[in-house]
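Novice: Before anything else, here's the structure in question.
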Amino acid sequence: MPALSPTMEEGNIVKWLKKEGEAVSAGDGLCEIETDKAVVTMESNDDGILAKILMEEGSRNVRLGTPIALMVEEGQDWKEVEIPPPDAAAVTPVTQAVAAPVVPSAAPFSPPLPKPVISGVLRLSPAARHILDTHGIDAKLATPTGPRGLITKEDALNLLKMSPAPKATPAPSAPAPPRPVRTPAATPPPPGSRPNIPPLSVPGKPESLGTFTEIPASNVRRVIAQRLTQSKTTIPHAYASIDCDMAAVMQLRKDLAKEQIKVSVNDFIIKAAAVTLKEMPEVNMTWSGDGPCALDSIHISIAVATDKGLITPIIRDAANKGVQEIAANAKALAQKARDGKLLPEEYQGGSFSISNLGMFGISGFSAVINPPQACILAVGTSRAELRLCEDDQTLRTQQLMTVTLSSDGRLVDDELASRFLDKFRTNLEQPQCMIIA
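Mind the numbering: the sequence shown is residues 10 to 446 in my numbering, read in order.
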């Protein structure tokens, strides 16, 4: 299992793109691996033949460095390949994206190398475990033929054929029913009160009160849980909100649409945040173990919801990009995120995050900081409100949008956060000046 991201400790085999016996060229995709961030295609670095798949599709929590497949050079009899001892060089374990060269064997695989049997804890495939448990057969009686001493479904079926059928035992006579014991009647609770005893959870009865179904967490969901816990327990969050008038942005979008230029409100928000960070570099910071660190680049992370959880692809150097280029980048990255095809450099290294729930009708919310960043901007939907115009004391309808800045109190205090939001509002409410800048 290769390390496909800096924080990856284990991975899941999603799909094999090559079959056993199939020729492989350098650069061909071997399999799809779910890392702690996304589903990544592992490519081969050498030419050869995929001889044996050690980790089938659906294998979960495979630790780094664990062999997942074997390759041989062209011309070798791949059908006779067995798992080699550590000093054998006839085959190459596929662990580091087949980074090691395929070394030709000095002799054909005759006689076949014995498969190592793992001592200690028995290793069973899910199907084999189900068969043996159902028929009450001891797994120690099975002869493992799978990789690294794995008891396969075929091994369990072979053992089942050799095992004698269980003898029928006479049904025990029904015991005499116990004599009823009188218990004092419980005092009924007063009307409208809550019961003193919570409902019991009955295993195996999903319709009873208090039961639950355990759902295995994906690698992405586990990493999200770890980072959110780290953020809320190690970063002192401070919050500040402000309303922005979106009339100018709405009008500019209509004007651009006439020129067949399609941009979203979120693209203007990304641009405004990047320009504001460029004008206020004291906010573009991160906290290391020793203290504040100023960042040289402005890379905006945008939160994208996927089936497996939230991920933040990055608009790099956003302050120097136009709104149309930001729109194209954001659309492409969002689609790759939903497809699970983001590369590590496309979601690592951001300096400021934006989470927009306006399209879901959320008026305002507070987001959790994405460490090691110092800030995240939570964006709500725009709404029409009547406001008093101070110039002529008349009522006007304004399209207002609430944004909330969650900031690391160690780096961005309340006064600095207030100035940042005020500057952000000015840039967003004057989009023509922001684009020219």
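Each residue gets a CB set at the ideal place from its N, CA and C atoms; glycine is no exception.
(1) Taking the C-alpha atoms as reference points, what is the distance between LYS170 and ARG132?
(2) Between which two residues does the beta strand (DSSP E) containing GLU52 stretch?
(3) What's the gap between the Cα of LYS46 and the Cα of VAL232?
(4) For ASP2, count neighbouring C-beta atoms within 10 Å of its own C-beta (all shown protein chains included) and say buried if the count is 16 or more, exposed if not.
(5) Kindly indicate the opening and closing residues of the beta strand (DSSP E) around ASP417.
(6) Compare the beta carbon distance of ILE371 and GLY389 with 7 Å and say whether it is the shorter of the two.
(7) Using three-state DSSP, classify PHE361 as helix, strand or coil.
(8) Hey, would you say GLU394 sits closer than 7 Å to GLN407, going by beta carbons?
(9) If you draw a straight line from the alpha carbon of ASN21 to that of VAL332, how long is it in whole angstroms?
(10) In chain order, what residues of the same chain lie with their CB nearer than 6 Å to the CB of LEU261, ignoring the 5 residues before and after it?
(11) Helix, strand or coil for GLU19? Go by DSSP, reduced to three states.
(12) Since MET294 sits in a beta bridge, which residues does DSSP pair it with?
(13) In the DSSP output, which residue or residues are listed as bridge partners for LEU150?
(14) Assess, as a yes-or-no matter, whether the region 357-374 is touched by the region 222-230 under the definition of 3 or more beta carbon pairs within less than 8 Å.
(15) Is the beta carbon of PRO353 less than 7 Å from the beta carbon of SER14?
(16) Using three-state DSSP, classify VAL377 as helix, strand or coil.
(17) Classify THR75 as helix, strand or coil using the three-state DSSP reduction.
(18) In whole angstroms, what is the alpha-carbon distance linking ASN436 and ALA282?
(19) Going straight from the alpha carbon of GLU438 to that of LYS432, what length do you get?
(20) Name the residue from ALA337, ALA383, ASP55 whose alpha carbon lies nearest to the alpha carbon of ALA247.
(21) With burial defined as no fewer than 16 other Cβ atoms inside 10 Å of the residue's Cβ, what is the status of GLN85: buried or exposed?
(22) Just the Cα atoms here: how many angstroms apart are SER427 and GLU41?
(23) On the three-state DSSP scale, how would you describe ARG434?
(24) Among all the DSSP beta bridges, which residues are the ones paired with VAL33?
(25) Per DSSP, what kind of secondary structure is ALA165 in: helix, strand or coil?
(26) DSSP three-state call for MET443: helix, strand or coil?
(27) Using CA coordinates, which residue listed in VAL48, ASP37, VAL33, VAL49 is at the minimum distance from VAL81?
(28) Apart from the five residues just before and just after PRO245, which ones in its own chain have a Cβ nearer than 8 Å to its Cβ?
(29) Does chain B have any CB closer than 7 Å to the CB of GLY20?
(30) Output needed for LEU351: all residues of its chain with C-beta closer than 8 Å, excluding positions within five of it in sequence on either side, in chain order.
(31) Using three-state DSSP, classify LYS24 as helix, strand or coil.
(32) Tell me the rounded alpha-carbon separation between PRO156 and GLU31.
(33) For GLY349, which residues of its own chain have a beta-carbon under 8 Å away from its beta-carbon, when the five flanking residues on both sides are left out?
(34) Just to confirm before moving on: does the CB-CB distance between LEU414 and ALA257 stay below 7 Å?
(35) Give the secondary structure of ALA346 by DSSP, where H, G and I count as helix, E and B as strand, and everything else as coil.
(36) Determine, using beta carbons only, whether MET10 and THR75 come nearer to each other than 7 Å.
Specialist: Looking at the coordinates:
(1) Residue numbering aside, residue 170 sits at position 161 when the sequence shown is read from its first letter. Residue numbering aside, residue 132 sits at position 123 when the sequence shown is read from its first letter. When rounded, the distance between both Cα atoms is 20 Å.
(2) Reading the sequence shown from its first residue, position 43 is the one you call residue 52. Its beta strand (DSSP E) spans residues 48-52.
(3) For this step, residue 46 is matched to residue 37 along the sequence shown. For this step, residue 232 is matched to residue 223 along the sequence shown. Approximately 8 Å, taken between the alpha carbons.
(4) Because the chain spans 10 through 446 in this model, residue 2 falls outside it and cannot be assessed.
(5) For this step, residue 417 is matched to residue 408 along the sequence shown. Where ASP417 is concerned, the enclosing beta strand (DSSP E) stretches over 403-417.
(6) Here residue 371 refers to the residue found at position 362 of the sequence shown. Here residue 389 refers to the residue found at position 380 of the sequence shown. Their beta carbons are under 7 Å apart, which means ILE371 touches GLY389 by this criterion.
(7) The residue given as residue 361 occupies position 352 in the sequence shown. Here PHE361 sits in strand by DSSP.
(8) As a working note, residue 394 is residue 385 in the sequence shown. As a working note, residue 407 is residue 398 in the sequence shown. Taking 7 Å as the Cβ cut-off, GLU394 and GLN407 qualify as a contacting pair.
(9) Numbered from 1 along the sequence shown, position 12 holds the residue referred to as residue 21. Numbered from 1 along the sequence shown, position 323 holds the residue referred to as residue 332. Distance between the alpha carbons of ASN21 and VAL332 is about 38 Å.
(10) As a position in the sequence shown, residue 261 is number 252, starting the count at 1. Correct list, in chain order: PRO440.
(11) Residue 19 sits at position 10 when you count from the first residue of the sequence shown. If DSSP states are grouped into helix, strand and coil, GLU19 belongs with the strands.
(12) Within the sequence shown, residue 294 is the residue found at index 285, counting from 1. For MET294, which the question treats as bridged, DSSP gives the partners ALA303.
(13) Translated into the one-based positions of the sequence shown, residue 150 becomes position 141. Bridge partners of LEU150: none, in fact.
(14) no
(15) Translated into positions along the sequence shown, residue 353 becomes position 344. Translated into positions along the sequence shown, residue 14 becomes position 5. Closer than 7 Å, so yes.
(16) Numbered from its first residue, the sequence shown carries residue 377 at position 368. The answer is coil: DSSP assigns VAL377 none of H, G, I, E or B.
(17) Locating residue 75 in the sequence shown gives position 66, counting from the first residue. THR75: coil per DSSP, three-state reduction.
(18) The residue you call residue 436 lines up with position 427 of the sequence shown. The residue you call residue 282 lines up with position 273 of the sequence shown. If I take the Cα positions, the gap works out to 8 Å.
(19) The residue labelled residue 438 in the question sits at position 429 within the sequence shown. The residue labelled residue 432 in the question sits at position 423 within the sequence shown. Going by the C-alpha atoms only, they are around 10 Å apart.
(20) Here residue 247 refers to the residue found at position 238 of the sequence shown. It is ALA383 whose Cα lies nearest to the Cα of ALA247.
(21) Within the sequence shown, numbered from 1, the residue matching residue 85 stands at position 76. GLN85 comes out buried.
(22) Taking the first residue of the sequence shown as position 1, residue 427 is located at position 418. Taking the first residue of the sequence shown as position 1, residue 41 is located at position 32. Distance between the alpha carbons of SER427 and GLU41: 46 Å.
(23) In the sequence shown, residue 434 corresponds to position 425, counting from 1. In the structure shown, ARG434 sits in a helix (DSSP, three-state: H, G or I).
(24) Along the sequence shown, one-based indexing puts residue 33 at 24. Answer by DSSP bridge pairing, in chain order: GLY57.
(25) Residue numbering aside, residue 165 sits at position 156 when the sequence shown is read from its first letter. Of the three classes helix, strand and coil, the one that applies to ALA165 here is helix, per DSSP.
(26) Counting from 1 along the sequence shown, the entry for residue 443 is found at position 434. MET443: helix per DSSP, three-state reduction.
(27) On the sequence shown, position 72 is the one that residue 81 refers to. Nearest C-alpha to VAL81: VAL33.
(28) Reading the sequence shown from its first residue, position 236 is the one you call residue 245. Closer than 8 Å at the Cβ level, and outside the excluded window around PRO245, lie ASP417, GLY418, ARG419.
(29) Among the chains of the structure shown, chain B does not appear; only one protein chain is present.
(30) Residue mapping note: residue 351 aligns to position 342 of the sequence shown, counting from 1. Same-chain partners within the cutoff: LYS46, ALA47, ILE320, PRO322, LEU342, LYS345.
(31) Taking the sequence shown and counting its residues from 1, one reaches residue 24 at position 15. LYS24 falls in the strand class under three-state DSSP.
(32) By one-based count along the sequence shown, residue 156 stands at place 147. By one-based count along the sequence shown, residue 31 stands at place 22. PRO156 and GLU31: Cα-Cα distance of roughly 20 Å.
(33) As a working note, residue 349 is residue 340 in the sequence shown. Within the same chain, GLY349 has close Cβ partners GLU43, ALA47, VAL48, THR315, LYS317.
(34) Here residue 414 is taken as the residue at index 405 of the sequence shown, counted from 1. Here residue 257 is taken as the residue at index 248 of the sequence shown, counted from 1. No, they are not a contact pair.
(35) Residue numbering aside, residue 346 sits at position 337 when the sequence shown is read from its first letter. Helix at ALA346.
(36) The residue given as residue 10 occupies position 1 in the sequence shown. The residue given as residue 75 occupies position 66 in the sequence shown. Taking 7 Å as the Cβ cut-off, MET10 and THR75 qualify as a contacting pair.
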